[in-house]
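Residue numbers (the working numbering): -13 to 602.
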């Protein structure tokens, strides 16, 4: 009886599997829709152009995150990382045990799942997710030719690191490149942009080779093909920033005739569509193509397959910690406009992220700014941010004309602001907590589960953050009151709001900020210390520097308080000179800390020490 049942189940699985399409994902790193099929006449991408001619192009596809690891985290989970505590670059968190990464669901349906080659998630991988994952992973190793496969091939040749690799034999003429309005029109900038296009052409050849393999094996008519980039270009102000230039990715989908019944209702061969889809939608779409209803916890929407949903009005982007630098930005992408909400407007757009500053364009751009040789659009990146930004993507594709204060766009701003707030509440965004507190409050559970308990009074914390970052002068008194709140995150935003108000904040709340130096939370201590260290009296600066020096030790205090303290020390512009001997002998982060972000404290220490030594 038991044997008979097992045989029947196996037969049923085999029959069902035979009715499933193969699905191939071809992905490339650090490139936006700079392809011939997207109308870019400077690009040379014949293979992707050919794929687009027999498939369909999505012109408003977004990565949700403008950098690799959070973007992949979005894809693998079908969830927004701010809801799972995984928005910060390589800060590892866990999903609830009942939530599975999408390949697990595909495997249960009979798919052979391979990933060639990156994983790079901000989530711990639980159990067997892939049949194969690595540089040798291939659909060709599936147990039989009748086994449906899901395969990823990821091309790294267009990555940021390759744009700046020298020596390089230029193919695209730098003189003919279009330099965006926010970049200086400089020979070195043109070279970087031209090299970026060279790398896209190389990537296109790799795509062509993989599609040829598919054809040679007679699999083309059995395979649905997706091609997409992992976020915007690797050039500065695209990568790492949730402007449309950082979020917009090429997405081409080819559905062969055999599987046309699984295509979206708006699918048109050789067509282009402005339907808003994001990486959060990819996992639900995969499951829908395989005939499985996406689980309720997935926050994306299937845009193809049996369980296709209606198109969504908005897409949502986010920015958390980028490598060693903290920030918090959220964005809303509509049909014509993008709305950006900066929750840390006192920070520069162009904070010194070490990896970004290796790129020649970044170095030249910053040098020209320091020399006063840039216009307003080009200088913008090196200044602090407004609380809100609104850009008309149709008439201002480079996003340099902020319409947030435009009288003609009041209603647009209002609608998109409301969409933003609704989204925060819907997903219960845990990014309003200091990074270390996400982990602390989630001990014994997960950030997603914690956020749905009394451990995270979301409404109160979000209100404090909104008031702090809105920069309204009338908010100073409530912010001072927040310093006495029972919740440390509310106190954190109270201190942050006073820091954002500069000299006025410290003048009105100097005593309360000094008291905050003794707060139970190291994150409150650090923010209060940064405020006093930047804008306080000589005595207050001394107290602040001492506090930061104590908190900066990663061995005694942990990686996250240390990173925040090191950022604050670096922001004091030489006022922390007394800490130089301490920093020069700073102990290394303990080995038990996850190696994915272990080196960030060291980067900050190195940068700050060099800056302080230069001031001697």
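Idealized CB from N, CA, C, for every residue including glycine.
- In the three-state reduction of the DSSP assignment, residue 221 falls in the coil class.
- Shortest Cα-Cα distance from residue 251 to any of 234, 213, 284 and 297 involves 297.
- When the alpha-carbon of residue 376 is set against those of 394, 593 and 365, the nearest one is in 394.
- Taking 8 Å as the cut-off, the beta carbon of residue 475 is found no closer than this to the beta carbon of residue 429.
- Cβ atoms of residue 309 and residue 340 come within 8 Å of each other, at about 7 Å.
- Here residue 455 is near residue 331, since their CB atoms are less than 8 Å apart.
- The alpha-carbon of residue 290 is positioned some 7 Å away from that of residue 274.
- Counting the other CB atoms within 10 Å of its CB gives residue 257 a total below 16, which places it among the exposed residues.
- Going by DSSP, residue 240 is part of the beta strand (DSSP E) stretching over 237 to 240.
- Across the structure, residue 554 and residue 279 are spaced so that their CA atoms are roughly 47 Å apart.
- In the three-state reduction of the DSSP assignment, residue 356 falls in the helix class.
- One thing to note: residue 28 has its Cβ within 8 Å of the Cβ of residue 183.
- Rounded to the nearest angstrom, the gap between the Cα atoms of residue 397 and residue 391 is 11 Å.
- In chain order, 89, 92, 93, 116, 117 and 136 place their CB closer than 7 Å to the CB of residue 99, counting only its own chain and leaving out the 5 sequence neighbours on each side.
- Classified as buried, residue 73 has 16 or more neighbouring CB atoms from the shown chains inside 10 Å of its CB.
- Ranked by Cα distance from residue 346, the first of 357, 13 and 178 is 178.
- Following the DSSP letters along the chain, one finds residue 531 inside the alpha helix (DSSP H) bounded by residues 524 to 537.
- Counting other Cβ atoms within 10 Å of its Cβ, residue 16 reaches 16 or more and is therefore classed as buried.
- Counting along the chain, residue 362 sits inside no beta strand (DSSP E); it lies in the alpha helix (DSSP H) bounded by residues 362 to 365.
- Nearest to residue 272 by alpha-carbon distance, out of 9, 586, 544 and 577, is 9.
- With a cutoff of 8 Å on beta-carbon distance, residue 575 and residue 540 are scored as near each other.
- Rounded to the nearest whole angstrom, the C-alpha separation of residue 186 and residue 31 is 7 Å.
- Residue 52 sits close to residue 226, with the two beta carbons spaced by under 8 Å.
- Between residue 264 and residue 218, the C-beta gap is not smaller than 8 Å, which leaves the two residues out of contact.
- DSSP places residue 213 inside the beta strand (DSSP E), whose first and last residues are 209 to 215.
- Here residue 517 has 484, 485, 492 and 499 as same chain residues with Cβ atoms under 6 Å from its own Cβ, once five neighbours each way along the sequence are excluded.
- Residue 538 is positioned such that its CB atom lies closer than 8 Å to that of residue 552.
- Here residue 79 really is in contact with residue 433; their C-beta atoms are around 5 Å apart, less than 8 Å.
- When C-alpha distances from residue 324 are compared across 519, 234 and 356, the shortest belongs to 234.
- Residue 351 sits buried, since 16 or more C-beta atoms from the chains shown fall within 10 Å of its C-beta.
- Judged by pairs of C-beta atoms under 8 Å, the stretch 42 to 56 touches the stretch 210 to 217, as three or more such pairs exist.
- The beta carbons of residue 107 and residue 58 sit about 5 Å from each other, so the pair counts as a contact at 8 Å.
- The C-beta separation of residue 191 from residue 33 comes to about 7 Å, placing the pair in contact by the 8 Å criterion.
- DSSP, read as helix, strand or coil, puts residue 316 in strand.
- The DSSP assignment places 421 to 427, 433 to 436, 444 to 456, 462 to 468 and 474 to 486 as complete runs of the alpha helix (DSSP H) inside the stretch 412 to 488, in order along the chain (cut-off: 4 residues).
- A distance below 6 Å between beta-carbons, with the five flanking residues on each side excluded, links residue 320 to the following residues of its chain, in chain order: 300.
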